[in-house]
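One structure is given below, encoded as structure tokens.
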Amino acid sequence: MTADANAWRGVAAEKAEEVSAGLAALLRERSRRVLVDLLRPHRRAVIATVSLIVVESLAALAGPWLVGIAIDDGLPPLLNSHDAAPLLGIAAAFAFAVAVQAVTTRMFVTMTGRVGQRVVLELRRQLFGHCLDLDVAFHESYTSGRVISRQTSDIDAISDLFEEGLDSLIAAILTLLLVGTGMLLLDWQLGLVVLAGFIPLTWLTAWFRRESASSYRRTREAIALVIVHFVETFGGIRAVQAFRREKRNSAIFSGLGQDYCDASTHASRLIAVYGPCISLVGNVITGVVLGYGGLLVIDGDIKVGVLATFLLYLQRFFDPLQDVSQFYNTFQSAASGLEKISGVLDQEPAVPEPRVPRTPPERHATSAGRRVRFESVTFGYRDNLVLPQLDLDIPAGQTLALVGETGAGKTTIARLLGRFYDPRSGRVTLDAIDLRELPDAVLRAEVTVITQENFLFEGSVADNIRLGRPDASAGEVETAARMIGAHEFIAALPEGYDTPVGKRGGRLSAGQRQLISFARAFLAAPAVLVLDEATSLLDIPSERLVQSALRTVLADRTAVIIAHRLSTVAIADRVLVLDQGRITEDGTPGELMAGHGEYAALHSSWAASLA
Amino acid sequence: MPPVTPLRVTHAPARVRSVGALWRLRGYLEPFRIQMIVMFAAAFGAVAAAIAIPLLTKAVIDGAIGHGDKRLLVPLSLAAVGLGAAEALLNLIRRWIQSGAVASMEKTIRDDLYAHLQRLQPSFHDQWQSGQLLSRATTDLSAIRRFAGFGLIFLVTNVMTFIAVVALLIHLNWWLGLITGVVFAPVVPVCIRFEKRYRVLSRRVQDQQGDLATLIEEAATGIRVLKALGRGPQAAARHGAQATDVYQTQVEKASLLGSFWALLDLIPNAVIGLTIVLGAIAVSRHSLTIGGLVAFITLALQLVWPVEALGYIIASGQEAATAAQRILEIFDAQPEITDKDQGHHPERTVVLAAKPSQAPLRSVPGRRGHLVFDHVAFSYPGAAEPVLRDVVLDLPPGQTVVLTGATGSGKSTLLQLVPRLADASSGSVRLDGTDIRDIPLDRLRAAVGCAFEDATLFSASVRENVTFGAPDADEDAVEAALTAAQARFAYDLPWGLDTRIGEQGMALSGGQRQRIALARAILARPDVLILDDPLSALDVHTEERVTRALREILAGATALVVAHRPSTVALADTVALLSGGVIAASGNHRDLLASNPEYAALMDVEDLEKSA
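Sequence order for the protein chains is A and B. When you read off a place in the first sequence, starting at 1, and then add 382, the result is the number in my numbering. When you read off a place in the second sequence, starting at 1, and then add 106, the result is the number in my numbering.
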């Protein structure tokens with residue numbers, strides 16, 4: 383074990399957690415803009431809810447005030463002249479206030495719930511749609527984990543705020559203001575005594591806010607580490623057990639758990655101090671009001687009823703503040719969630735939809751492929767230039783293989799062709815139309831990229847194949863599967879094509895998942911098919927089957943194949959050898975093999991390894 | 107025997123109700139007995155102080171004001187301040203202690219849960235979605251923590267408060283007190299009913315949010331596929347529909363909540379209204395003083411919280427009980443792959459912590475590692491056909507056997523049997539003459555090193571990932587392993603070997619990941635190396651270099667390597683063809699090519715020879 387207990391985690395470029403004042407203001411501004419945009423369509427509902435809460439608070443304040451009046455003005459007639467009328471009048475007013483309060487509370491809670499959840503729904507839709515629009519480069523640098531937590535925990539935090547926090551916060555603030563005013567109006571001297579309590583309260587609340595902001599962050603970070611460690615351990619349980627990692631893992635997990643335990647203890651101790659301190663202030667003021675108010679009553683400055691009203695008000699005055707401390711975390715996580723969400727919404731897709739979309743001409747009946755051209759294309763990731771200047775013309779129907787070492791730019795070409803990225807300069811065209819001018823739906827119908835990443839979605843095998851063409855019939859799905867040799871293993875599954883694929887296709891082997899990805903592509907029948915290492919997980923007979931399907935069914939389509947295995951390359955009409963983004967050899971497999979270039983050398987060393 | 111930590115889970119006969127589940131976890135509260143006692147005492151003290159304050163109000167109004175005696179005001183108001191301070195202080199003490207106690211109780215359960223899960227065999231983990239396990243370790247544990255820290259105490263104190271306050275009210279005025287008590291009592295079941303309906307809706311929201319999260323997760327991780335096939339609009343439509351379901355339940359929840367809050371506002375106010383009218387009558391009959399009336403109202407208001415909270419507390423108790431049940435589902439799952447002497451002992455208290463290896467296993471490198479598959483069969487649970495029927499394979503020490511076979515023929519399954527990530531259904535695997543089920547797990551796994559096709563990397567430094575199976579390895583050993591696996595690129599990462607990789611760190615390519623995983627397997631210096639298609643993501647050049655390095659390393663160890671490519675087959679002393687659940691053929695590459703058509707098709711060389 384290293385001296386530093388956390389050395390195992392290693393170093394990574396963290397997103398700055400502590401933000402400068404300027405940036406914080408910017409973030410707040412950005413999230414406010416998002417919030418205002420979302421609330422704008424509900425302007426009237428917002429005004430209505432605010433009016434409701436004012437009415438509700440006023441009605442709530444009427445109660446103690448009426449109690450005071452009842453004692454001072456309702457009781458004496460009853461005692462002295464057995465006249466119950468004033469008291470009953472007051473009781474009626476009281477009942478009215480109670481009814482108003484109940485009705486407005488009901489309406490307020492329901493309405494804020496409705497509006498709040500509308501906003502949340504809208505936010506969910508916007509965010510999900512926006513994430514789909516954002517380019518692959520964004521997703522890769524932002525990581526799927528963050529994309530997921532923006533859409534789950536962050537949005538849930540906002541939802542929680544609307545659900546439980548917002549009304550109690552507004553109610554607390556209004557009560558504070560109204561009760562304060564009411565007490566000053568009833569008796570300014572006694573009112574001032576109560577208001578003096580504001581000084582320690584403000585101080586306490588400022589302290590609590592400051593402390594809990596940092597403690598909240600600490601808790602979130604600590605639990606995030608616990609979760610990551612937990613999920614990774616059991617995601618990789620085979621490696622964990624095979625390498626007898628259990629004990630060290632337990633030690634690490636316990637350490638992370640201790641950090642979280644400490645952080646959450648600290649956080650709840652802040653509330654443990656804040657809450658009782660608020661009630662301490664309240665109780666002390668109650669004692670003082672009791673003494674000083676009693677003095678005023680004896681001196682005849684105020685009546686007993688006023689004192690009773692004050693005592694009842696005091697109870698209402700401090701209780702909502704207790705809620706605020708509970709509510710503060712909800713508020714904080716919603717605010718930081720909104721900040722992060724607005725950050726994602728602010729991202730412009732680097733691969734936008736065309737402003738003036740064009741449609742490619744009808745495909746020929748004879749050749750269903752399309753001509754692809756790279757015209758002076760340059761591309762790179764950040765500072766790293768991958769394609770210095772690429773010119774490439776692939777005639778319709780040609781099968782082109784790309785060969786070269788890792789980093790030569792093969793995958794980049796595939797991704798440019800699938801418009802996962804746009805070139806820095808130059809253009810990629812499909813039948814002479816720039817890919818940037820094709821609407822996404824059209825582009826996807828024309829060009830399909832299959833990678834080694836054979837992701838399966840929740841649902842049945844058939845559902846997953848049908849992803850290639852959602853309106854395909856069961857027969858067409860099966861035909862596609864048969865073509866690439868997947869039918870046999872699918873038919874052998876417990877429910878055949880209707881077998882659920884399980885979590886991420888975990889029940890199927892890597893090769894089988896790969897075949898399903900292929901079936902998708904065959905069903906989609908695009909004009910241009912791009913295979914990026916797509917056959918590397920298949921055994922050779924399966925690969926041959928896929929290739930023969932390529933040669934027969936998609937013979938007239940344009941295809942770009944990237945492969946490590948030279949056997950895969952053999953079926954190509956044409957081979958390109960790439961080195962650092964430049965084409966160093968170009969010809970038919972036979973021509974290249976006969977030459978003395980890189981390809982010939984590769985091929986002979988490979989052939990030697992077989993013999 | 108090394109010291110073991112027993113779980114604090116009490117074992118229960120067969121089926122128990124959810125409350126029983128909670129009771130079974132009581133052992134985790136045991137260490138906090140003293141804290142619990144102090145917390146209860148403080149809670150009772152605080153309640154008593156809070157109840158006493160209105161009595162001082164009565165004394166002020168009736169005594170001091172009634173008699174115009176100003177001298178009484180000072181001690182009375184000081185007493186009120188004192189009681190108020192005591193209440194606040196006692197609450198502070200209770201909550202302070204509670205914060206520490208429940209957090210560390212939660213941690214202990216989580217640690218035990220984690221350790222137990224690590225002992226459960228991979229097939230258990232295949233059956234459980236990781237989200238399900240995680241929610242038990244987080245959400246469910248919080249529910250238990252909340253109940254232990256909050257619900258449990260208030261369940262007792264609130265009932266006590268209710269009884270004490272009603273008794274005091276009756277003492278102030280018996281019939282008024284009785285009426286107030288009777289009016290309040292039915293509120294409890296009403297609150298419980300509300301809470302129940304609310305929980306149902308909350309649960310529904312949770313489920314719907316879970317479904318929504320699955321869609322979100324798929325769209326995020328499968329973004330390239332969605333984009334490549336242009337299926338964004340469909341995904342958005344599904345998401346929209348699911349999000350609308352969540353919205354509808356949330357609105358329903360809000361409207362229920364609205365009625366509930368309204369009711370909760372109504373109750374105390376109705377009580378005040380009632381007491382004013384009835385109290386005035388009592389005052390006019392001289393059975394209650396004015397101070398008594400004020401005290402009565404403030405005291406009656408103190409009933410509101412215990413009564414309305416009771417619904418919440420009971421609901422939180424039910425929630426904690428359900429959570430306990432869900433957690434016990436895991437604790438009650440017995441590890442199926444254990445050391446021989448541990449086996450199945452459902453009656454016994456579960457023993458944690460794997461046994462450390464007792465002695466260094468190897469003294470003479472290369473002399474050990476005789477691996478034999480003796481008529482091994484294996485079928486996955488629920489599968490109609492066994493994957494492996496009758497595998498017979500002998501790997502003498504130091505030999506490299508390449509295992510090949512069609513996709514889905516069970517190659518990976520066979521490899522999993524060696525480090526006992528799964529146990530054979532029948533037959534046995536023997537290492538140096540001993541059935542591997544008789545070798546302590548820790549020793550067996552120290553003797554077997556693995557690299558799997560999906561290179562599992564963890565969010566930790568490169569060094570941590572490479573020294574995964576050999577935490578004590580020194581710099582030189584790490585360097586040698588990285589060099590052999592052609593993974594020296596790790597030194598060029600921004601922070602060298604300290605660079606964090608994995609999901610939370612630097613993104614590596616598939617080939618880079620495989621090479622790191624390979625370095626990990628090499629570094630463990632095992633007697634037996636199990637490599638499952640370890641070079642599939644490498645380009646031809648790198649593959650060639652790795653193969654060359656591997657050949658040297660494999661010379662010292664027994665190795666079982668799954669391979670698809672003829673180039674990797676070159677590593678083999680012997681090639682074995684797995685087909686139809688048996689080793690259909692074995693021998694050297696050339697002989698098999700000539701004699702076995704299935705093997706020849708798999709390696710597909712005719713084609714190549716023609717073109718070459």
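Where a beta carbon is used, it is the ideal one built from N, C-alpha and C, also for glycine.
With 16 other Cβ atoms within 10 Å as the buried cut-off, status of residue i
{"i": "residue 758 of chain A", "result": "exposed"}
{"i": "residue 539 of chain B", "result": "exposed"}
{"i": "residue 446 of chain B", "result": "exposed"}
{"i": "residue 986 of chain A", "result": "exposed"}
{"i": "residue 472 of chain B", "result": "In this prediction, residue 472 of chain B has a pLDDT of 45, which is less than 50 and means its spatial position is unreliable; what the coordinates show is noted afterwards. Residue 472 of chain B is exposed by the Cβ-count criterion."}
{"i": "residue 766 of chain A", "result": "exposed"}
{"i": "residue 328 of chain B", "result": "buried"}
{"i": "residue 563 of chain A", "result": "exposed"}
{"i": "residue 531 of chain A", "result": "buried"}
Of the listed residues the options, nearest to residue i (C-alpha basis)
{"i": "residue 371 of chain B", "options": "A:479, A:424, A:738", "result": "A:479"}
{"i": "residue 705 of chain A", "options": "A:832, A:660, A:983", "result": "A:660"}
{"i": "residue 927 of chain A", "options": "B:513, B:378, B:445", "result": "B:513"}
{"i": "residue 955 of chain A", "options": "A:945, A:969, A:964, A:947", "result": "A:969"}
{"i": "residue 490 of chain A", "options": "A:550, A:774, A:806", "result": "A:550"}
{"i": "residue 500 of chain A", "options": "A:818, A:850, A:420", "result": "A:420"}
{"i": "residue 185 of chain B", "options": "B:547, B:320, B:164, B:687", "result": "B:164"}
{"i": "residue 973 of chain A", "options": "A:530, A:637, A:957", "result": "A:957"}
{"i": "residue 421 of chain B", "options": "B:300, B:574, B:234", "result": "B:300"}
DSSP bridge partner residues for residue i (one or two, in chain order)
{"i": "residue 612 of chain B", "result": "B:607"}
{"i": "residue 761 of chain A", "result": "A:769"}
{"i": "residue 556 of chain B", "result": "B:636"}
{"i": "residue 536 of chain B", "result": "B:478, B:541"}
Extent of the continuous beta strand (DSSP E) run through residue i
{"i": "residue 944 of chain A", "result": "940-944"}
{"i": "residue 665 of chain B", "result": "664-668"}
{"i": "residue 484 of chain B", "result": "477-484"}
{"i": "residue 969 of chain A", "result": "964-969"}
{"i": "residue 500 of chain B", "result": "494-501"}
{"i": "residue 781 of chain A", "result": "781-785"}
{"i": "residue 696 of chain B", "result": "Where residue 696 of chain B is concerned, there is no enclosing beta strand (DSSP E), although the alpha helix (DSSP H) it sits in stretches over 695-701."}
{"i": "residue 682 of chain B", "result": "680-685"}
Host alpha helix (DSSP H) of residue i (start-end)
{"i": "residue 510 of chain A", "result": "467-515"}
{"i": "residue 553 of chain B", "result": "547-553"}
{"i": "residue 332 of chain B", "result": "329-335"}
{"i": "residue 567 of chain B", "result": "Where residue 567 of chain B is concerned, there is no enclosing alpha helix (DSSP H), given that its DSSP letter is neither H nor E."}
{"i": "residue 675 of chain A", "result": "628-680"}
{"i": "residue 248 of chain B", "result": "247-252"}
Three-state class that DSSP yields for residue i in the structure shown
{"i": "residue 542 of chain B", "result": "helix"}
{"i": "residue 260 of chain B", "result": "helix"}
{"i": "residue 881 of chain A", "result": "coil"}
{"i": "residue 445 of chain B", "result": "coil"}
{"i": "residue 728 of chain B", "result": "Summary: the structure shown does not reach residue 728 of chain B, with chain B confined to residues 107 through 718, and so no result is reported for it."}
{"i": "residue 402 of chain B", "result": "helix"}
{"i": "residue 410 of chain B", "result": "helix"}
{"i": "residue 905 of chain A", "result": "helix"}
{"i": "residue 936 of chain A", "result": "coil"}
{"i": "residue 244 of chain B", "result": "helix"}
{"i": "residue 391 of chain A", "result": "helix"}
{"i": "residue 644 of chain B", "result": "coil"}
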